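This report concerns only the one structure given below.
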Amino acid sequence: MFGYILKRVLATIPVMVIVAIFVFLLLRLTPGDPAAILAGDAATPAQLERIRDRLGLNDPLHVQFVTWAGQILRGDLGTSLISNTSVSGMIADRLGPTLNLAVMTIVISVLLAVPMGVIAAWRHRTWVDFLVMSFSVLGFSVPVFVIGYILIQIFAIELRWVPVQGYKPPADGIGPFLARAILPALTLATIYVALIARMTRASMLEVLGEDYIRTARAKGVRENVVLFRHALRNAAVPILTIIGTGFALLISGVVVTESVFNIPGIGRLTVDAILARDYPVIQAMILLTAGIYVVVNLAVDISYSLFDPRIRY
Amino acid sequence: MEFKSRDFSDAARVLKIRGLKVGLAGRPEAAPVIDGIDLDIRAGETHCLVGESGSGKSVTSLAIMGLLPRGALEVRGGSIDLEGVEITQASAAEMRGLRAMRLSMIFQEPMTALNPVLRVGEQIEEVLNMHTDLSAADARQRTLDIMEQVHLPDVERIYRAFPHQLSGGQRQRIMIAMALVLDPHLLIADEPTTALDVTTQLQILKLIAELQARKGTALLFITHDMGVVAEIADTVSVMQNGRIVERAPIHELLTAPKEDYTRKLLTAVPTLAPRAARPDARGGDVLKVADLEMVYGGGGVLRRGGGVTAASEVSFAIGPGRTLGIVGESGSGKSTVARCIMRLIDPTGGAVHVAGTEISRLPRRSLRPHRKHLQIVFQDPYRSLNPRWTVARSLCEGPINFGTPRAEALAHAAELMEIVGLPRDALRRYPHQFSGGQRQRIAIARAVAMKPDLLVADEAVSALDVSVQAQVLDLLDDVQAKFGIAMLFITHDLRVAAQICDEVLVMQKGRVVEHGPAANVLSDPHHAYTRTLIEAAPGRHWDFANFRALDTAPAPGPKGETA
Numbered sequence: 001m002f003g004y005i006l007k008r009v010l011a012t013i014p015v016m017v018i019v020a021i022f023v024f025l026l027l028r029l030t031p032g033d034p035a036a037i038l039a040g041d042a043a044t045p046a047q048l049e050r051i052r053d054r055l056g057l058n059d060p061l062h063v064q065f066v067t068w069a070g071q072i073l074r075g076d077l078g079t080s081l082i083s084n085t086s087v088s089g090m091i092a093d094r095l096g097p098t099l100n101l102a103v104m105t106i107v108i109s110v111l112l113a114v115p116m117g118v119i120a121a122w123r124h125r126t127w128v129d130f131l132v133m134s135f136s137v138l139g140f141s142v143p144v145f146v147i148g149y150i151l152i153q154i155f156a157i158e159l160r161w162v163p164v165q166g167y168k169p170p171a172d173g174i175g176p177f178l179a180r181a182i183l184p185a186l187t188l189a190t191i192y193v194a195l196i197a198r199m200t201r202a203s204m205l206e207v208l209g210e211d212y213i214r215t216a217r218a219k220g221v222r223e224n225v226v227l228f229r230h231a232l233r234n235a236a237v238p239i240l241t242i243i244g245t246g247f248a249l250l251i252s253g254v255v256v257t258e259s260v261f262n263i264p265g266i267g268r269l270t271v272d273a274i275l276a277r278d279y280p281v282i283q284a285m286i287l288l289t290a291g292i293y294v295v296v297n298l299a300v301d302i303s304y305s306l307f308d309p310r311i312r313y
Numbered sequence: 001m002e003f004k005s006r007d008f009s010d011a012a013r014v015l016k017i018r019g020l021k022v023g024l025a026g027r028p029e030a031a032p033v034i035d036g037i038d039l040d041i042r043a044g045e046t047h048c049l050v051g052e053s054g055s056g057k058s059v060t061s062l063a064i065m066g067l068l069p070r071g072a073l074e075v076r077g078g079s080i081d082l083e084g085v086e087i088t089q090a091s092a093a094e095m096r097g098l099r100a101m102r103l104s105m106i107f108q109e110p111m112t113a114l115n116p117v118l119r120v121g122e123q124i125e126e127v128l129n130m131h132t133d134l135s136a137a138d139a140r141q142r143t144l145d146i147m148e149q150v151h152l153p154d155v156e157r158i159y160r161a162f163p164h165q166l167s168g169g170q171r172q173r174i175m176i177a178m179a180l181v182l183d184p185h186l187l188i189a190d191e192p193t194t195a196l197d198v199t200t201q202l203q204i205l206k207l208i209a210e211l212q213a214r215k216g217t218a219l220l221f222i223t224h225d226m227g228v229v230a231e232i233a234d235t236v237s238v239m240q241n242g243r244i245v246e247r248a249p250i251h252e253l254l255t256a257p258k259e260d261y262t263r264k265l266l267t268a269v270p271t272l273a274p275r276a277a278r279p280d281a282r283g284g285d286v287l288k289v290a291d292l293e294m295v296y297g298g299g300g301v302l303r304r305g306g307g308v309t310a311a312s313e314v315s316f317a318i319g320p321g322r323t324l325g326i327v328g329e330s331g332s333g334k335s336t337v338a339r340c341i342m343r344l345i346d347p348t349g350g351a352v353h354v355a356g357t358e359i360s361r362l363p364r365r366s367l368r369p370h371r372k373h374l375q376i377v378f379q380d381p382y383r384s385l386n387p388r389w390t391v392a393r394s395l396c397e398g399p400i401n402f403g404t405p406r407a408e409a410l411a412h413a414a415e416l417m418e419i420v421g422l423p424r425d426a427l428r429r430y431p432h433q434f435s436g437g438q439r440q441r442i443a444i445a446r447a448v449a450m451k452p453d454l455l456v457a458d459e460a461v462s463a464l465d466v467s468v469q470a471q472v473l474d475l476l477d478d479v480q481a482k483f484g485i486a487m488l489f490i491t492h493d494l495r496v497a498a499q500i501c502d503e504v505l506v507m508q509k510g511r512v513v514e515h516g517p518a519a520n521v522l523s524d525p526h527h528a529y530t531r532t533l534i535e536a537a538p539g540r541h542w543d544f545a546n547f548r549a550l551d552t553a554p555a556p557g558p559k560g561e562t563a
């Protein structure tokens, strides 16, 4: 088991190296002078020269890459062109809200979607199944911002249960955090509930046709035990995959929701950076997103073997 | 041969079925799947339910367990009385209370019938947790006890094992332990040994008989294997199209069957008496295998040398128009040999000559022209044909790949349909529109369409009912005679080998232990392992087709009365 985890961790290195090369080249190979791009339209020749110097743009490409990669490895992601502060610091400030929101979303999604999927499969082709599937289609097809604004209209403006927008870290009290995070989390959760419920249902339908389910029933095992002890664990692998992918997508895809709910997370940071052509921040965000995908996939792969003893590497 | 001849008229009646009808759910107008059957089983009795696939045997067992698939099948009428409890009227909760306590079931395939992600000990213990108030320690002790009773070794270790870590026989013992841990009065066994090797089958049958005798369990044993029936049955019911067409004590049924259908079933059972070898034309060997060796996982960078030897020192030759059978149990290496010859895997040593060319070392590219000389028919016709292709496309693909014009390939395919006994318009249909036997005919036609010199049949009739099996074996014989193909026939079934092979080669643990004409190997085996295999074959002293004991037994009376 330990050897397997080590092997998987080592296997992530080439992926990250390829991403790093891509990110590096993104700036260097963009037509025109990178220094001019970095400096923006209003730069003076002196400023351009300083930037060239700082980036080492006069060195050969591979030397530049090694220097740059070395900086990244030390956690130095460069300096924002707009705020002139360190990019790593900016991300650290913004990652908290995004992660909190993502975790809350995925927890809500799993808690709602897995039972929905299990029951839909158990009552296959009945009205319950139909209801779950209808909700799922709805969850896929209604745009995130529509759901967000509808929820704000109902719960924040009409009912006044929660504030319209904003963010408070959990450290300031769990109540204020939840009051502000619940609507964005529910908004984000709709599509993941739809996705995970569908996957759970499909995977469970397959497993419920297996011989060992019949064996469990032949033993006189209660239906809830059949479903959750015998069937769900066997159905777990595709469900875990979709949860993992969902979580990674969430972190990289919170752009719209954070804008709607005015949350100071990395989604907003990315939008602002793109609008302002703040290249060091954009570079850092691409690296970060790739890193999150790699880590989440690693976690999912390792979790397979916890659910299914046949998976040993 | 000794049959059981016990009298159960004094024993308590455990199961009483009267006029049971089962039909498709929500479609009362459709023909019933089970059409008014009666069945009685008494304590200690073994009642065998026999019939071909689709006859309703398994549906009967599921109806008794109350496990008919919801929304697909439902009881339409009649009664199932288990010691005074009417099962057709029982609620879901009542039914759960009866299962494992009063009636239990074991299934055909112990690999799929056990939950792969739970430890086998936990799976047995779950029965106790569901139905008793035993403390955790007592439940565990009782689980270990029953595991001892089914003769599992090292029960503490096996308790913690997962199903995939056990052998097929061990898994079936776990299933039996699970079914019998609460001493139910009725045990239903649905083809419990069909997926096992003959020697394992023998052990499992003995185990079931031993526990049944000790606990006085009534046993409903569902099987298609007349050999097994002859060994274990007190009473036999023959099922056809949802009806029980004949019921009789075992001896009566085997010696004097009344119904045509029963006679047909019995006549189709192949005997263990081998066919006489056909004259050896010796037009040169089509296939010549010399010192074939296959070692898995050896020679890697990390584990040098320590591989698993799946086959070693395997040598034989087959001439045109002749059949060589490789028999052995699972893991004996017989399928490995077949795959090496087909070059589906690359042998690690030895030589394979097909039609004069040594192919075991050929690189993939230069091997391709030789592929048409060797064709294979697989075991499961449900999975070996592409479900989205018409039969014509499956049959023509190979010849067209080798340069035959489409029209010519189609014409040849149509001829082949006739040869394998299917209508020409079958070419336009898809595999799911055919029965298992018909699909295997298509698979044979597909192989023969390539005009091969060698046909490898890997358990090609093992998935078929006996009556269909006999027809497909005849077809293989015809095709072979017509085209002069050499055939390599891989099987675990000695009866099938006796039917079709000129020569037999017995494999054990990757080695050839005996090789010779079928008549010699099967009638006068020299190696201890061959003898074990033959002795494990159920019903081997009985000549089912002629309703009498085999000649090797003392001379039978006019109606086999001395058997």
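From first to last, the protein sequence lines are chains A and B. Reminder that position 148 of the first sequence reads as 148 in full-length UniProt numbering, one-by-one numbering, no gaps. Reminder that position 521 of the second sequence reads as 521 in full-length UniProt numbering, one-by-one numbering, no gaps. For each residue, glycine too, the CB sits at the ideal point set by N, CA and C. Given the structure is predicted, the values throughout are model-derived calculations rather than measurements.
Quick one: is residue i buried, meaning 16 or more other Cβ sit within 10 Å of its Cβ, or exposed?
i, result
"W161 (chain A)", "exposed"
"T85 (chain A)", "exposed"
"residue 638 (chain B)", "Any answer about residue 638 (chain B) is impossible in this case: the structure gives chain B only from 1 up to 563."
"L374 (chain B)", "buried"
"P405 (chain B)", "exposed"
"I18 (chain A)", "exposed"
"K57 (chain B)", "buried"
"T530 (chain B)", "buried"
"Q240 (chain B)", "buried"
Need the endpoints of the beta strand (DSSP E) that residue i sits in, please.
i, result
"A248 (chain B)", "R243 to P249"
"V221 (chain A)", "V221 (chain A) -> no beta strand (DSSP E), and no H or E assigned at all."
"residue 588 (chain B)", "Residue 588 (chain B) falls outside the range modelled here, since chain B spans only 1 to 563, and no answer is possible."
Quick one: give me the first and last residue of the alpha helix (DSSP H) that residue i is part of.
i, result
"S61 (chain B)", "K57 to M65"
"T235 (chain B)", "Note, T235 (chain B): premise wrong, no alpha helix (DSSP H); beta strand (DSSP E) at T235 to Q240."
"P110 (chain B)", "P110 to A113"
"K21 (chain B)", "From DSSP, K21 (chain B) is part of no alpha helix (DSSP H) but of the beta strand (DSSP E) over R13 to L24."
"Q141 (chain B)", "A136 to Q149"
"S167 (chain B)", "Here S167 (chain B) belongs to no alpha helix (DSSP H), and DSSP marks it neither H nor E."
"Q508 (chain B)", "That residue, Q508 (chain B), is in no alpha helix (DSSP H); its beta strand (DSSP E) goes E503 to Q508."
"Y261 (chain B)", "D260 to T267"
Can you give me the Cβ contacts of residue i inside the same chain, cut-off strictly under 6 angstroms, excluding the 5 residues immediately before and after it?
i, result
"D348 (chain B)", "The identity of residue 348 (chain B) in the sequence shown is Thr, whereas the question assumes Asp. If we look at T348 (chain B) and ignore the five residues flanking it on each side, its Cβ neighbours are E293, M294 and V295."
"K168 (chain A)", "P176, F177 and R180"
"A194 (chain A)", "S136, G139 and F140"
"L188 (chain A)", "T105 and T257"
Within this structure, are the beta carbons of residue i and residue j separated by less than 8 angstroms?
i, j, result
"G328 (chain B)", "Q508 (chain B)", "yes"
"residue 575 (chain B)", "A230 (chain B)", "Look at the range of chain B in this structure, 1 to 563, and you will see that residue 575 (chain B) is not part of it."
"P517 (chain B)", "D493 (chain B)", "no"
"V114 (chain A)", "Q283 (chain A)", "no"
"D38 (chain B)", "G23 (chain B)", "no"
"A202 (chain A)", "F307 (chain A)", "no"
"I318 (chain B)", "V286 (chain B)", "yes"
"T199 (chain B)", "L522 (chain B)", "no"
"L73 (chain B)", "V59 (chain B)", "yes"
"V117 (chain B)", "N234 (chain A)", "yes"
"I311 (chain A)", "I242 (chain A)", "no"
"A311 (chain B)", "V337 (chain B)", "yes"
Identify, in the order they occur along the chain, each residue of the same chain with its Cβ nearer than 7 angstroms to the Cβ of residue i, setting aside the five sequence neighbours on each side.
i, result
"S384 (chain B)", "F378 and A443"
"W68 (chain A)", "F24"
"G244 (chain A)", "V296, N297, A299 and V300"
Which residues in the same chain have their Cβ closer than 8 angstroms to the Cβ of residue i, if we skip the five residues on either side of it in sequence?
i, result
"L183 (chain A)", "G148, L151, I152, F155, A156, V162 and F261"
What I want to know is whether the C-beta of residue i ends up closer than 7 angstroms to one or more non-hydrogen atoms of the ligand SAM.
i, result
"M90 (chain A)", "This structure simply doesn't include the ligand SAM, nor any ligand for that matter."
**Item:** Residues in the segment 59-91 of chain A having any Cβ partner in chain B nearer than 9 angstroms
**Value:** none
**Request:** Scan the segment 195-214 of chain A for residues whose Cβ lies nearer than 7 angstroms to a Cβ of chain B and list them as they occur along the chain.
**Result:** E210, D211, Y212 and R214
**Interface positions of the segment 19-30 of chain B facing chain A (Cβ-Cβ less than 7 angstroms), listed along the chain** = none
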